[in-house]
Amino acid sequence: GPGDVGGLPCLAVAGSDSTGNLGSAVSAMSGADTMLRGHAPDNLESVALAATTWTTQEEEQEQEEVEDDFVTEYRSGAIYQLMEGRRLCFTCHVDDQHTIEEIQKYPKLFFFSSDLQERYQNFCADFGPVNLAIVRRFCSYVHEKYSDPRLRSRTIVYYTDDDPATRTNTAFLLGAYMMLCHRMTALDAYRPFRCLHPSPLLGYRDATFVDPPTFTLDVLDCFLGLEKAVQVGWFDVTCFSLDEYEHWDHPLNGDVHRLSPKFIGFKGPSEEKTEITPGFYTFTPGEYVQVFKDMNVTAIVRLNEPETYDKTHFEKAGFNFYDLEFEDCTAPSAHVVRQFLDICDKERGVVAVHCKAGLGRTGTLIALHMMKHQGFSAREAIAWLRICRPGSVIGPQQQFLEDCNEIVWDGNMPELPMEQGYS
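Residues in the sequence shown are numbered consecutively from 1, following this note's numbering.
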């Protein structure tokens with residue numbers, strides 16, 4: 001009927017999937033928050049634009065135009081193939097009018113989008129990558145379209161704003177989808193973006209305002225970190241608990257993230273509840289006790305000042321407790337690294353680690369454990385930690401981990417590169 005092509009609208013935009021079940025075929029979105037660049041329609045159905053009746057000659061001309069658009073030169077509005085068979089493509093539009101024009105130009109294509117690539121909540125000048133929950137929601141949403149029998153014979157095109165940060169997060173999400181739902185390697189998922197010149201993607205930076213940033217991760221680093229986590233059995237998109245992740249991720253519920261089977265990262269508690277911003281308060285040690293027991297935590301490692309709270313709150317609850325303070329936004333000494341790794345070797349259960357925010361010092365020591373025991377590179381470790389717990393690893397800690405890629409270990413004692421100023 002009017003507004004439909006092949007039984008489906010030629011444009012679909014949506015927000016997010018409210019379910020947590022993926023299964024062998026990723027589940028369809030339920031209760032989607034349908035949006036078109038921030039403007040919600042009266043209903044929550046897919047937005048549709050009227051289709052045109054094409055003659056055979058016009059259809060052939062359209063196909064030639066689409067083929068001409070598959071080029072390595074990057075430009076707004078060009079349609080880029082992501083997977084063999086041309087079933088999934090992506091494009092970038094400068095504004096709503098541009099989107100409408102492209103829909104009218106290619107009415108046989110199925111254009112769809114969401115706001116998921118725009119949901120990163122920055123700390124400072126950082127802009128991504130988006131977290132695991134967004135990855136999971138995106139996979140569900142895109143696979144719903146990809147596997148819909150009504151779209152099997154059609155090219156589907158994911159479109160996004162032609163803004164550098166938004167483009168980069170979209171590329172990360174599309175690559176993650178191809179890896180997790182189509183078993184593509186990190187390198188294969190990156191190939192469609194690597195060949196675009198000039199590159200439309202930015203490097204991901206740390207959660208500071210330092211300009212220019214001293215260290216960046218590219219989208220490939222994020223793909224490789226995600227791939228490594230899947231390989232070691234830390235992440236399976238089909239059984240990932242979206243509800244659990246989003247519950248503990250929320251500041252009102254403790255700002256807690258499971259980073260691996262061995263580690264939990266969390267925001268440092270305070271002796272008394274203190275309002276941080278209107279409606280948001282610090283947690284006291286007692287509020288974490290049952291949470292950590294349920295998560296099989298056996299030890300707490302504090303990396304910031306001991307004065308922040310009395311450790312006996314945790315010790316009386318049966319947890320082993322360790323203080324390994326070192327200065328905020330700095331690299332740990334070899335002695336601190338050895339102590340941390342010794343603790344992790346000794347503890348049979350999960351180790352919960354925090355500093356002040358649970359980002360910089362926390363992420364740095366956990367990254368070193370990942371590099372030593374699971375073979376992550378520094379960039380893979382930083383990327384995975386930021387996908388799990390955004391903002392992890394800050395400032396000089398990034399280069400410190402990069403310098404530790406070739407580290408020599410004497411048991412748990414690292415021989416840190418003295419020429420870089422580490423001790």
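Ideal Cβ placement from N, Cα and C applies to all residues, glycine included.
- Check the Cα spacing between I100 and each of L116, S140, T160, K228: the tightest is with T160.
- Taking C-beta atoms as the reference points, A331 and P396 count as a pair closer than 8 Å.
- Partner residues in the beta bridge of N320, as assigned by DSSP, are A299.
- Exposure of R75 is indicated by the presence of fewer than 16 other C-beta atoms within 10 angstroms of its C-beta.
- When the beta-carbon positions are compared, F266 and G254 come within less than 8 Å of each other.
- If only complete runs of 3 or more residues are kept, the region 327-398 shows the beta strand (DSSP E) at 350-354, in order along the chain.
- The C-beta separation of P306 from D323 comes to about 5 Å, placing the pair in contact by the 8 Å criterion.
- Following the DSSP letters along the chain, one finds G265 in no alpha helix (DSSP H) but inside the beta strand (DSSP E) bounded by residues 263-266.
- If only uninterrupted beta strand (DSSP E) runs of at least 3 residues are considered, those enclosed by the region 148-173 are 156-161.
- Inter-segment contact for the region 146-158 and the region 189-203 is absent: fewer than three beta-carbon pairs are separated by less than 8 Å.
- Counting the other CB atoms within 10 Å of its CB gives C239 a total below 16, which places it among the exposed residues.
- Put simply, of P107, C388, F112 the residue whose alpha carbon is nearest the alpha carbon of C92 is F112.
- Straight-line measurement puts the Cα of M413 at about 15 Å from the Cα of L401.
- Rounded to whole angstroms, the separation of the alpha carbons of C329 and H257 is 20 Å.
- Taking 8 Å as the upper bound for CB-CB distance, R379 and T298 are not in contact here, some 30 Å apart.
- Judged by beta-carbon spacing, G360 lies within the 8 Å limit of V393, meaning their Cβ atoms are closer than that value.
- Scanning its chain for C-beta atoms nearer than 6 Å, with the 5 sequence neighbours on each side dropped, one finds no residue around T185.
- In this structure, L82 is the residue among D96, L82, P198 with its C-alpha nearest to the C-alpha of L173.
- Around the beta carbon of L252, fewer than 16 other beta carbons sit within 10 angstroms, so the residue counts as exposed.
- With respect to the 8 Å criterion, C388 and L180 are not classified as neighbours on the basis of their beta carbons.
- Pairwise C-beta distances place the region 205-213 in contact with the region 117-125, as three or more of them are shorter than 8 Å.
- Judged by DSSP secondary structure, P414 falls within the beta strand (DSSP E) whose first and last residues are 413-415.
- Leaving aside the five residues that flank W234 on each side, the residues in its chain whose CB is nearer than 6 Å to its CB run, in chain order, S260.
- Residues Q374 of the same chain have their beta carbon placed closer than 7 Å to that of V232, with the five preceding and five following residues left out of the count.
- In the three-state scheme derived from DSSP, where H, G and I count as helix and E and B as strand, Q97 is classed as helix.
- In the displayed model, W248 falls within a helix according to three-state DSSP.
- In the DSSP annotation of this structure, R258 is not part of any alpha helix (DSSP H); the continuous beta strand (DSSP E) holding it starts and ends at 256-258.
- Per DSSP, T216 is not a residue of any alpha helix (DSSP H), being assigned neither H nor E.
- The alpha helix (DSSP H) runs of length 4 or more contained entirely in the region 176-220 are, from start to end of the chain, 186-194.
- Minimum Cα-Cα distance from N131 among the listed residues D95, Y106, N169, E315 corresponds to N169.
- With 16 or more neighbouring CB atoms inside 10 Å of its own CB, T364 falls in the buried class.
- Annotation note: the region 99-133 contains the following uninterrupted beta strand (DSSP E) runs of length 3 or greater, listed N- to C-terminal: 110-114.
- Looking only at E325, T284, Y146, the smallest Cα-Cα distance to C89 is reached by Y146.
- Residue nearest to A78 within the set E102, D243, E227, E275 is E102 (criterion: CA-CA distance).
- Pairing Y281 with N304, the inter-Cα distance amounts to about 18 Å.
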